[in-house]
Amino acid sequence: SQKIEQNSEALNIQEGKTATLTCNYTNYSPAYLQWYRQDPGRGPVFLLLIRENEKEKRKERLKVTFDTTLKQSLFHITASQPADSATYLCALVADTGRRALTFGSGTRLQVQP
Amino acid sequence: ETGVTQSPTHLIKTRGQQVTLRCSSQSGHNTVSWYQQALGQGPQFIFQYYREEENGRGNFPPRFSGLQFPNYSSELNVNALELDDSALYLCASSFRGQGTEAFFGQGTRLTVV
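Protein chains in written order, with the numbering used here: chain V, 1 to 113; chain G, 1 to 113.
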């Protein structure tokens, strides 16, 4: 069966360190993979998109990697700040026609000052 | 802010009732998708509308139905509410042909008692 797995345990790190979040998937051939941030009681906010033929994407302090052989994406936040504390969701787009997003359950990140 | 607005923000309904949730898309966006997010889970795709036609549906029963209007605003209707329908309902708008990132509203929190 198709599965998208994110670490369900919260990730606690110290301010200034690099946070690394993992997204693994099985039985998908995604055309795109996206990362979203979600704060409590709010809708997800788009952060980064990476295509199947791209290995890495960067935006300011954010970096995403995409390994279609390992079926894994890593999401890094460098020089983390308490304001980065939120739940981070990965989402796959398998059908480029329909473009529906299939989400993982998210990983909560807590950055301690 | 994404420019996607949803109403109402909170709603309490009784089992068996019907509910209509509304979404106003971001200006210029022609595609709207609806997602259901249970507590502690990632959003689950309900269906998508493109140019007023349903353009894909997730694993939800027919009592979940929708509409998209000429101004690209949208409604989600749920009939015969069940307790398990209690969730955060998210609307996401996008523009077909410009990438797949979705812009989410703040959601409607539906509680069925």
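Every residue, glycine too, gets a C-beta built ideally from N, C-alpha and C.
query: DSSP three-state label for V/L70, please.; result: coil
query: Taking CB distances under 9 Å as the criterion, tell me whether V/P82 reaches chain G.; result: no
query: Whose CA, out of V/E9, V/W35, V/S1, lies closest to the CA of V/T65?; result: V/W35
query: Can you tell me whether G/S74 is buried or exposed, with buried defined as 16 or more other CB within 10 angstroms of its CB?; result: buried
query: Could you tell me if G/F69 is buried or exposed, where buried requires 16 or more neighbouring beta carbons within 10 angstroms of its beta carbon?; result: exposed
query: At a threshold of 8 Å, does G/F64 count as lining the ligand NAP (C-beta to nearest heavy atom)?; result: The ligand NAP is not part of the structure shown, which contains no ligands of any sort.
query: Assuming G/T108 and G/L39 are in contact, meaning their beta carbons sit under 8 Å apart, how far apart are those beta carbons, in whole angstroms?; result: Going by Cβ atoms, the distance from G/T108 to G/L39 rounds to 14 Å, so no, they are not a contact pair.
query: Is there contact between the region 40 to 50 of chain V and the region 20 to 31 of chain V, where contact requires at least three CB pairs shorter than 8 Å?; result: no
query: Over the uninterrupted beta strand (DSSP E) stretch that includes G/K13, give me the two end residues.; result: 10 to 13
query: Please go through the same chain and pick out, in chain order, the residues whose beta-carbon is closer than 6 Å to the beta-carbon of V/E56, but skip the five residues on each side of it.; result: T65
query: Mind checking if V/T22 is an interface residue toward chain G, Cβ cutoff 9 Å exclusive?; result: no
query: Mind pulling the chain C residues with CB within less than 8 Å of V/T102?; result: You won't find chain C in this structure, because its protein chains are V and G.
query: Listed from N- to C-terminal order along the chain, which residues in the region 81 to 109 of chain G have their beta-carbon within a distance smaller than 9 Å of any beta-carbon of chain V?; result: L88, L90, C91, A92, S94, R96, G99, T100, E101, A102, F103, F104, G105, Q106, G107, R109
query: Along the chain, where does the beta strand (DSSP E) containing G/T108 start, and where does it finish?; result: 108 to 112
query: Given a threshold of 16 other Cβ atoms within 10 Å of its Cβ, counted over all protein chains shown, does G/Q17 qualify as buried or as exposed?; result: exposed
query: With a threshold of 9 Å between beta-carbons, can G/V4 be considered close to chain V, or not?; result: yes
query: Helix, strand or coil: which one does DSSP assign to G/L39?; result: coil
query: Establish whether the CB of V/F75 and some CB of chain G are separated by less than 9 Å.; result: no
query: Is it buried or exposed, V/A79, if we count other Cβ atoms within 10 angstroms and call 16 or more buried?; result: exposed
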